[in-house]
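Chemist:
Here it is in structure tokens:
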């Protein structure tokens, strides 16, 4: 494959990854790494470097639109990112001390339970039967946005803030110990534990993963894992795809976003369980 054909193919692939990543709050890396390595024969280290850039590009491309429409909650994101970064630092220190396979198996089982809970609330458009949470009131973890699909104003306030904060710390801990992204865990924590609307959860996750990816991009650059000829079409494609994704998600129902998110959780749960058993997917 010539360089020109390769660049064009990666560009269009990245548009799709950016659109999906911005809608689901995952950054696109979960799609790009296997596609680049399996279909384009890119070295895994270069693919991971491109993935980090794709996360930053997705977050940047989606952030302005999501903040403007109120879908991304800046206060909630900054509050929770403290937990994920703290957890990631502790996880990095514990890496190599705790058996990795046991952690992967536990994580896979936890994700399986999360997939089950996602199925249970698959048809819940907006959270119901909410109670007051004193931490949410104290830190003003609330917001509102105009839902283009429902054609009405949606107001929300976070629930179960303490368990949500603990889950974010755990997500960061596992991310640091296993070297995996934690976008899916962020979305699950905000959607299931904190009872935020699904679209708010994915949009806020997009903002958060951009912050954490920016912090680690320098490490990948210093190791030489960011290859310009790969990253350039990825960044351009993902940026365009992320903007397209924001336009699409604004017109989706929360239930539609959750249905799109479910297969990702099932895939992650299966891959973690298999890795815990010593079986690695291609």
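Numbering (my numbering), first residue to last: 23 to 304. The C-beta atom is built at its ideal place from N, Cα and C for all residues, glycine as well. For clarity, every value in this text was computed on a predicted model and none was experimentally measured.
Can you list, in chain order, the residues of its chain whose CB lies under 7 Å from that of residue 145, leaving out five sequence neighbours each side?
Modeler: So the list reads 277, once near-sequence residues are dropped.
Chemist: With distances taken Cα to Cα, identify the nearest neighbour of residue 156 among 179, 64 and 49.
Modeler: Here the closest residue by C-alpha is 179.
Chemist: I need the straight-line Cα distance from residue 108 to residue 33, nearest angstrom please.
Modeler: Cα-Cα distance, rounded: 35 Å.
Chemist: Which word fits residue 209, buried or exposed, when buried means at least 16 other C-beta atoms lie within 10 angstroms of its C-beta?
Modeler: Label assigned to residue 209: buried.
Chemist: Comparing C-alpha positions only, which one of 42, 53, 95 and 37 sits nearest to residue 222?
Modeler: Of the candidates 42, 53, 95 and 37, the one whose C-alpha sits nearest the C-alpha of residue 222 is 95.
Chemist: Looking at the unbroken beta strand (DSSP E) that takes in residue 165, where does it start and where does it end?
Modeler: Counting along the chain, the beta strand (DSSP E) containing residue 165 begins and ends at 164-169.
Chemist: My output table needs one value for residue 182: the three-state DSSP class, helix, strand or coil.
Modeler: Looking at residue 182 - three-state DSSP - the assignment turns out to be coil, as it is neither helix nor strand.
Chemist: Which class does residue 120 belong to by DSSP, given the choice of helix, strand or coil?
Modeler: The answer is coil: DSSP assigns residue 120 none of H, G, I, E or B.
Chemist: Give the range of the alpha helix (DSSP H) segment to which residue 57 is assigned.
Modeler: Residue 57 -> alpha helix (DSSP H) spans 51-60.
Chemist: Leaving out five residues on either side along the sequence, give the residues of the same chain with a beta carbon under 7 Å from the beta carbon of residue 282.
Modeler: Hits under 7 Å: 45 and 46.
Chemist: Rounded to whole angstroms, what's the CA-CA distance from residue 54 to residue 36? Just pull it up for me.
Modeler: Roughly 7 Å separates the two Cα atoms.
Chemist: Put residue 142 into one of helix, strand or coil per three-state DSSP.
Modeler: If DSSP states are grouped into helix, strand and coil, residue 142 belongs with the helices.
Chemist: Taking the CB atoms as reference points, tell me whether residue 295 and residue 131 lie closer together than 8 Å.
Modeler: Closer than 8 Å, so yes.
Chemist: DSSP on residue 64, reduced to helix/strand/coil?
Modeler: In the structure shown, residue 64 sits in coil (DSSP, three-state: anything other than H, G, I, E or B).
Chemist: Assuming contact is defined by CB atoms lying nearer than 8 Å, are residue 264 and residue 41 in contact in what I supplied?
Modeler: Contact flag set, yes.
Chemist: Report the residue from 204, 299 and 251 whose alpha carbon sits nearest the alpha carbon of residue 229.
Modeler: The candidate whose alpha carbon is nearest that of residue 229 is 204.
Chemist: Between the Cα of residue 246 and the Cα atoms of 51, 65, 60 and 61, which residue gives the shortest distance?
Modeler: Residue 65 is the option with its Cα nearest to residue 246.
Chemist: Exposed or buried, which one is residue 23 when buried takes at least 16 other CB atoms within 10 Å?
Modeler: Exposed: under 16 other Cβ atoms inside 10 Å.
Chemist: Helix, strand or coil: how does DSSP classify residue 150 here?
Modeler: Coil.
Chemist: Can you tell me where the alpha helix (DSSP H) holding residue 245 begins and where it ends?
Modeler: It is not in any alpha helix (DSSP H) - residue 245 carries neither H nor E in the DSSP assignment.
Chemist: What residue from 84, 50 and 188 has the CA that sits closest to residue 69's CA?
Modeler: When each option's Cα is compared against that of residue 69, the closest is 50.
Chemist: Does residue 260 pass the burial test, meaning 16 or more other C-beta atoms within 10 Å, or should it be called exposed?
Modeler: Buried, because 16 or more other Cβ atoms sit within 10 Å of the Cβ of residue 260.
Chemist: Determine, using beta carbons only, whether residue 291 and residue 133 come nearer to each other than 8 Å.
Modeler: Going by C-beta atoms, residue 291 is nearer than 8 Å to residue 133.
Chemist: Determine the closest residue to residue 84 out of 272, 288, 199 and 280, with distance taken between C-alpha atoms.
Modeler: Selected option, being the one with the closest Cα: 272.
Chemist: Take the Cβ of residue 191 as the centre, count every other Cβ of all protein chains shown within 10 Å, and call the residue buried at 16 or more, exposed below.
Modeler: Residue 191 comes out buried.
Chemist: Is residue 174 helix, strand or coil by DSSP?
Modeler: Reduced to three states, the DSSP call for residue 174 is strand.
Chemist: With C-beta atoms as the reference, is residue 25 less than 8 Å away from residue 125?
Modeler: Cβ distance not < 8 Å, so residue 25 and residue 125 don't count as in contact.
Chemist: What residue ranges within the region 79-117 form continuous alpha helix (DSSP H) runs of no fewer than 4 residues, ordered along the chain?
Modeler: Taking only runs of at least 4 residues, the alpha helix (DSSP H) segments lying wholly in the region 79-117 are 96-116.
Chemist: Taking just the CA atoms, how far does residue 274 sit from residue 102?
Modeler: Roughly 25 Å separates the two Cα atoms.
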